[in-house]
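Chains as they are written, first to last, in the numbering used here: chain A, 69 to 448; chain B, 69 to 448; chain C, 2 to 397; chain D, 2 to 397. Glycine residues also receive a C-beta, built at the ideal position from the N, C-alpha and C atoms.
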């Protein structure tokens, strides 16, 4: 019974923080925000050297075969540094999908490249009615001779514009059995008929895209996993992806609160540091309570998901609902506590706020998450 | 354009406050709480002399023919003094129902007695599924020769045990037309077959009752208004009753906040009055904001209802939803701000809390009120 | 209690409404106006509108007739503002400081020369004013400002920095508050000035907000010389002059009407948002929350009417200003956050994204929401005012 | 990260569970026990249970074996508390002060004589202790207490008043904090005593809470003589002694388990409440709110586990105690208020009303909710602790 990081994980956390402090200062974040693509090959190379991209990849394929907990150690630090650019789509979603569903050849091909930092991936699931349900998938893959023809439109695809491979979830059968009929395809970003457009969003340091497929032809060997059996894979991969995202929200909030507290110690108004004003003190205390409670939920979601416990989906829903609101609320309150200066572009807090907004909304709405909790405890 | 009490109403308010300060100190409230029936004939006589019981009764019947606004002047003061015993059931609901639906003989008989303070009344509507909808009425009045036979059970009937006449809403027809089929009957409390039991509740200074009717026979001339046409009368009478109840909630909150503020000025901890602590100051400010916003909504509900404007029901729903939560929240926060002493029986705040709870819940749940607002602005 | 307007007032309302309908440019698009990040264009539209208002005789409604105003009653002003809000006319921001704040202050404190020199051009929008109060080190604690005005012959020499100055680089004059005396209690040593923005030594730098837009500026003063006769009110009494000004800065319901507009938009959003084929507007969770926002907004509007009634009766103003500001800004904060939830992943899209809903207006409003709880006296300051002045809790 | 218990720990849990099942009186009704206003009966049940626990060797779980304890690990204590909560066994309140607070304090500060005299009878529940800290003028500001202990020969003479003393009239001893020195800083002049409650001059008066029940007392001291050897710890070091005690007063999850029980009851209430023929549990508004309470409660429980993990590793305690108290009491406040809404008019009915739902438990819990945000260090004090000690914000 030890509900906390291990000693090694702490050392790893300290090293990660040191690395990001040095290699990912906020000037780097701001520079990436201005780029057409917020991807820096040299930086990615360094992440690879640290083993981050291969964290969840078996050693056989050159990965470090770490645990999901190791990954959240990183995710918290990513949040604290508002690290820009692609990461989870390749290092978590992509790596996990391949591990779960790939055949030997696919694993060998993709996983080792990912671990080496030579290949970026993403998963394209959501469509116009953005919701993580199989029933909302209408992109279609028509089976033909030796392959499939894909048509449809995907939205909110993280980092599609920098990914080498886009794993597309498409319907292969209009079956009526729940969650059946969806298949996964490994599609080259540059394949003919693929059109990728960025969807300009609040978080300029991490991008989402629209992917339009117009008669995209993929070979049979690019089918990933069983035909019609893709949804459970997606479900599990998204669970594993959303866990570190919750932890990133915690990291964002933790750092934002630290920034606020430091400011309140030095900002003087009415002849004393405003941190001595009790109303502000209590607001900070409430933020701390929220952050710590959120952390507990996120850690447990990680534990439950790592062990694949039956309550993992509910544990995740709790973390998603709570951490999403908590992180956004922390940023909003943080700006208030900073006052005017917090409302400026030059102040860094809005970078955290932007990340918190997009990160949380990309997981869905808190109403959905709470409904899953209600269903678990109260029935339908 | 003058959205406030008139000069006369202010004078009336001051006089009313003075009267209640003198005649209804909290010792009187506490004494009434201990009584089997919290009704004091001498006190009622004084209310009569002030014209309170005849406030909404035409001069023809000995009333003062005041407005609903005059009534809310009183209601706010009633709240400030947590005035015990029956009042609205007779002076508002009873008086209005008779005025709206009574024939000349009934008006003459009942209204003049009410104005003189010789007769107490109440309305029995709610049943087991307590909700103010005609569809929830199942008490039945069977028409027979020269009269009706009533059977059924009523709950949450205010002051039934001290009322001379209980106006019963009963079904007279199993019609399908919405809100039709309900009739009103003037039933003697002591009529054969009437059983009245108090329903012990949180507010001991004002009581609610269960009324069981077992073959109660009422004469034809006790039918009040048109047969089957009672519901619109009930609707309007309850609207007119709930308006002052919202204002009483405001009065309760206003006085509670004053009590809190006075205490914070004198209570010393850590070598200074706790009212200097900014966190507590801001909590008080928030309570003031709530109280004032609630007051505005309650006043407008009064205005709209008095003028019978089309938006009167929505205006009331807004006031009910807001003032109910506001008053209960004010009491809860007030207890917190008083600390331990506020949690004792000897401290008066819980009398206000008890009144706020029962007064608001007797109007229904805030969820219902908000739903009426949603319906008005968003449709069904 | 009487919420009706007299026949004359209703006539006045009709007159205003008709005039606005006839004079608001045909190509004016309020949605575009309120959401565009293009400040220049916004200012241009607002300025043109201000001039049109002036030609129609609608500026300085509450100014005395002798100074070119209309001597309108409080209620007429209210009606006028309501109608502007109803039509979602361009905001008065461009000339608000001149007409609503500097004008009345000059009428109260100015010399005859100052009145003659400045008032007519304020009314006509020929000269735009900005306000130089806030500083980086003096936000909530205005009296702590450190910009200095040192006497030198027949001038004062100004050094220092102002911030959150709206419209500075469109302005001809700044109504400046600066320190003229360091040896007294901090709010006793201030003076007010009319500063020509073309004076050498003034640098205006746009201040970019977290939204990426730039509605404000920083203004730097380096040995800026201001003739003595441009001091407003007596020396070292700038605090009193500023108090007069702030009393005129009544939180107009103009901005408030934008909240009402947003509420209506929220209802539309709920209706057009479907989840699993069902409109979100039928979900009790959604209905309850929107109803709550509507209730709170109505409570604010009604409270503002109560304040108006006091004003009409000539009663001393209550604390309704702070109450309405706290109530409406808090409602707006939650309303915009709720809209983001309703939008789900679409909530993050900006105006530039063709797939964004309502042109990304909700995201922008969610980001802007803190402007209303920080600007114009933070919520914390409002609460402290209510606690200590309205409720009489002890300061120390 | 590892939330599993070892096989030995699971065995221990099984042992505890079996023992509780076999020993909890067959006629024990937890609903009745937790809702009855009859304090005498409650105390009787709790005392009998404490004695049964003692006979089973389950009291003083964490006390060193040499003092009759079990020397249990932190994790065993946790498991033991969880199982008591799971079974909704009678609360340890009656002897909590003795076993959980006075015992460890005496082990730390007491003389050999004191240990020998008091510890065994604390364990056996033969002697019940109450705690005399709070005073009418010293609530949040404990150091301001004014009860005096004046030296007179071989005694101290006590004068003053204590309040919010639970179980005082069932107690044999009071663990008292009193002022022995007025001439030093206020927290430097206190001393701790063991006071025989039968001493002449002590008057115990029940303090009726706003619920009408009486779980606490006021205790008055008039020239009460306490032999010098009953001072606990050195003279004028009472503050340090008290700090030791408060460190042991870990907010046990026992009370917390009642919150969990209430949450389960709330789900049942929603299921059985129908409005217009439809179960309230199907209303998204109801579902969302209950889900939120469940989430917050789980967050508190998990945070407590994080604290436990620190304790196990021998790390210095974090601020989880304050966090859990704030989080759970706030959840409980809203949960009970929500239950009242769900009940509508039925929410106001008391236990005495035959028509009340769940025997009026929700009303009582709604009224009691503030006990958790005021008692055991108000929420305000908890927030100040977090702000100044955990976050390091400056006090002055």
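C-alpha distance - residue 282 of chain D paired with residue 137 of chain A, whole-angstrom precision: 36 angstroms
What in chain B is Cβ-close to residue 6 of chain C, meaning under 9 angstroms? 69
Exposed or buried, residue 15 of chain C, counting other C-beta atoms within 10 Å across all chains shown (16 or more means buried)? Residue environment: residue 15 of chain C is assigned as exposed (fewer than 16 neighbouring CB atoms within 10 Å of its CB, all protein chains considered).
Please name the residue, chosen from D/264, D/29, D/99, D/32, that lies closest to residue 60 of chain D on a Cα-to-Cα basis. When the alpha-carbon of residue 60 of chain D is set against those of D/264, D/29, D/99, D/32, the nearest one is in D/99.
Which residues in chain B have a C-beta closer than 9 angstroms to the C-beta of residue 159 of chain D? List them in chain order. None at all; the shortest Cβ gap to chain B is about 22 angstroms.
Compute the Euclidean distance between the alpha carbons of residue 107 of chain B and residue 388 of chain C, then round it to the nearest angstrom. Residue 107 of chain B and residue 388 of chain C have their C-alpha atoms roughly 39 angstroms apart.
Say whether chain D places a C-beta atom closer than 8 angstroms to the C-beta of residue 353 of chain A. Chain D, which has a Cβ nearer than 8 angstroms to the Cβ of residue 353 of chain A, makes this yes.
Please check if any C-beta of chain C sits within less than 8 angstroms of the C-beta of residue 142 of chain D. no
Relative to the C-alpha of residue 226 of chain C, which candidate in C/137, C/96, C/200 has its C-alpha closest? That would be C/200, whose Cα lies nearest to the Cα of residue 226 of chain C.
Neighbour list for residue 380 of chain B in chain C, Cβ cutoff strictly below 8 angstroms: Under the 8 angstroms cutoff, chain C gives no residues; its nearest Cβ is about 13 angstroms from residue 380 of chain B.
Alpha carbons only, please: which of C/337, C/184, C/248 is nearest the one belonging to residue 102 of chain C? C/248
Pick out whichever of D/210, D/211, D/196 has its Cα sitting closest to the Cα of residue 204 of chain D. D/196
Rounded to the nearest angstrom, what separates residue 255 of chain C and residue 140 of chain A at their Cα positions? With a pLDDT of only 43 at residue 255 of chain C, under the threshold of 50, the placement of this residue in the model should not be trusted; the figure read from the coordinates follows. Going from the Cα of residue 255 of chain C to the Cα of residue 140 of chain A covers about 48 angstroms.
Same chain only: Cβ atoms within 7 angstroms of residue 230 of chain A, ignoring 5 sequence neighbours per side: 105, 107, 154, 188
Could you tell me the alpha carbon to alpha carbon distance between residue 403 of chain D and residue 387 of chain B, rounded to whole angstroms? Past the boundaries of the shown model lies residue 403 of chain D; chain D is included only from 2 to 397, so the question cannot be answered.
Same chain, Cβ closer than 6 angstroms to residue 393 of chain B, neighbours up to 5 away in sequence not counted: If you ignore the 5 residues before and after residue 393 of chain B, its C-beta comes within less than 6 angstroms of the C-beta of 434, all in its own chain and listed in chain order.
What are the residues of the stretch 213 to 232 of chain B that lie near chain D, defined by any Cβ-Cβ distance shorter than 8 angstroms? Those residues of the stretch 213 to 232 of chain B that come within reach of chain D (Cβ to Cβ, closer than 8 angstroms) are 223, 224.
Is the Cβ of residue 346 of chain B closer than 8 angstroms to any Cβ of chain A? yes
How many Å lie between residue 253 of chain C and residue 367 of chain C at the Cα? Reliability fails at residue 253 of chain C, whose pLDDT of 46 lies under 50, so the model's placement of it is uncertain and the value that follows must be treated cautiously. Looking at the two C-alpha atoms, the distance is approximately 21 angstroms.
Note the first and the last residue of the continuous beta strand (DSSP E) segment covering residue 159 of chain C. Residue 159 of chain C -> beta strand (DSSP E) spans 156 to 167.
Cβ neighbours of residue 335 of chain D in the same chain (closer than 6 angstroms, five flanking residues each side left out): none
Any C-beta of chain D sitting closer than 8 angstroms to the C-beta of residue 289 of chain C? yes
Go through its chain and collect everything with a Cβ distance to residue 126 of chain B's Cβ below 6 angstroms, but skip five positions before and after it. For residue 126 of chain B, where only same-chain residues beyond five positions count, the Cβ hits under 6 angstroms are 133.
Cα-Cα separation, residue 362 of chain A to residue 291 of chain D: In a straight line, the C-alpha of residue 362 of chain A is about 18 angstroms away from that of residue 291 of chain D.
Leaving out five residues before and five after residue 110 of chain C in sequence, what residues of the same chain have Cβ atoms less than 8 angstroms from its Cβ? 193, 233, 234, 242, 245
Measure the C-alpha to C-alpha separation of residue 322 of chain A and residue 315 of chain B and round it to an integer number of angstroms. Straight-line Cα distance between these residues: approximately 45 angstroms.
Simplified DSSP state of residue 255 of chain C, which is helix, strand or coil: Low local confidence applies: a pLDDT of 43 at residue 255 of chain C is under 50, so the model's placement there is unreliable, with the coordinate-based value given in what follows. Residue 255 of chain C falls in the helix class under three-state DSSP.
Span separating the alpha-carbon of residue 48 of chain D from that of residue 214 of chain D: Here the alpha carbons of residue 214 of chain D and residue 48 of chain D stand approximately 19 angstroms from one another.
Short of 6 angstroms in beta carbon distance, which residues of its chain neighbour residue 2 of chain C, apart from the five on each side in sequence? Order them along the chain. none
Relative to the C-alpha of residue 102 of chain A, which candidate in A/351, A/408, A/275 has its C-alpha closest? A/275
Helix, strand or coil for residue 390 of chain A? Go by DSSP, reduced to three states. helix
Count the other C-beta atoms from every protein chain shown that fall within 10 angstroms of the C-beta of residue 186 of chain D, then say buried if there are 16 or more, exposed otherwise. exposed
Output, in sequence order along the chain, the residues in the stretch 266 to 289 of chain B whose CB is closer than 8 angstroms to any CB in chain D. 267, 268, 269, 270, 271, 276, 278
Taking one C-beta from the stretch 411 to 431 of chain B and one from the stretch 370 to 379 of chain B each time, how about it: are there three or more such pairs within less than 8 angstroms? no
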